[in-house]
Every structure is written in structure tokens, then in C-alpha cells.
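Numbering (this note's numbering), first residue to last: 55 to 280.
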């Protein structure tokens, strides 16, 4: 398997599934099959554009993944309508299945050489940044809603919460590259400002804020190698 094919495939998935998924699309996706179709089509386009450098193999893989993505998300939305809790587990399983599907398609269609020279380090950096910003912010909101059911009735993201969380997670990630003493010290200091800002503007209790921040630290640590 061409590793670059798989990584570009993953990048296309992240762009379509997170970066290009607006609040409007997310609401449509959770309420109708048409919304799921539109969302899956957006994912297909983002993947097809990126994988087009591999020629017809990339286009076919994207098209097959469109069918797979639509089927998985349709099933997920049906499950979400009947299950009020455990949304975080469903979200994680959903992403794992998507990645497994992409991996299998890459094994079968990612056998060609690069048409263009691709800098894998750049692809990995882009994937890491999207995970630390878009993916982590969605993941943590789903998690705290499972923990505190009173948050379900509130807006998914409060005001500029997504931007603040994304910047915080990026800063936590960068701090891991400092010497241990300074890294720990600045992580603690950053938490002080984070919880102060969160409590003032988003009205979360300290438990929820600590959970959010702890998840950011875990995600940042997991992507240290990126």
C-alpha cells in the first residue's frame, strides 16, 4: 500500500467530515437522510479532489467511500435518535469504522506510485492540526454532554468556544516540546487562564472545564509524534 495514498485519504476525510461540516449541515445530517447525503457528498468531493493526483484509482476509491460513508452515517444517525447517552462512544466507533474503511480501500486502490511528489511530513502536520482543532473540539463537547445531560439542551458550541478550545489545544501541544519543567509549569498556568475564561464566558463548572482540558492534554500527547 502507498502510505501517502492512505494519509491523503485520511486528510480528505478530516476536511470533509469536520472542517467543511457547518452547523447547518450538522443539523440537517441529524434530522434527515437528505442531510446525511449532502454531508457524505461533501466528504466525497474533498477526498476526490485530494486523491485525484493518483488518477482513476483515487476517484474510484473516493466514490466507493462515499457509499460507505453514507451508509455508516445513516446508521449512526438512526442509533442517535434512539439512544440519548453514550454519544461519545458512538462518535469514536463511527470514526474508527470510517478509518478502517479508508484503510481497506487504500490497500486495494493505493498501489500506484505518486503522480506528484508529496511531502508526507506536511500531510501529517495538516492532519495533526485538524485533529487538535476541529476533531478535538467536537469530541470534547460530545463527551461532556454525556457526562452532564443538562448541556444537551444548550448550543453545541457557545459563542467562540470552538475557537478558544482549538487555540488552547494547539498551545498545549506546543508546550509538550519544551523541557519537562517548563512544559508542566506552563500547562498548569495555561489551565488557570483556560478555566477562568471558560467560567466567565461559558458558565461551565470546574469539573467540566477540567475534563475538557484533560482530554486536550491526552490528545496532544497522542499526537506528539506527529
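Even glycine gets a Cβ: it sits at the ideal position worked out from N, Cα and C.
Cβ distance (whole Å) where residue i is taken to contact residue j below 8 Å
i	j	result
residue 163	residue 223	In fact, because the Cβ distance is near 33 Å, the residues do not count as touching under 8 Å.
residue 144	residue 133	6 Å
residue 198	residue 253	About 14 Å separates the two Cβ atoms, so there is no contact after all.
residue 115	residue 63	7 Å
residue 262	residue 202	6 Å
residue 148	residue 126	6 Å
residue 78	residue 93	Between residue 93 and residue 78 the Cβ distance is about 11 Å, and since that is not below 8 Å, they are no contact.
residue 270	residue 226	5 Å
residue 245	residue 278	Rounded, the Cβ-Cβ distance is 18 Å, inconsistent with contact.
residue 100	residue 69	4 Å
Collapsed DSSP secondary structure at residue i in the structure displayed
i	result
residue 265	helix
residue 211	coil
residue 173	coil
residue 132	helix
residue 202	coil
residue 162	helix
residue 117	helix
residue 89	helix
residue 72	helix
residue 109	coil
residue 278	coil
residue 259	coil
residue 188	helix
residue 286	Only positions 55 to 280 of the chain appear in the structure, and residue 286 is not among them; the question remains open.
residue 270	helix
residue 230	coil
residue 56	coil
residue 63	helix
Range covered by the alpha helix (DSSP H) that runs through residue i
i	result
residue 139	Segment: none, residue 139 is in no alpha helix (DSSP H) and carries neither H nor E.
residue 251	234–255
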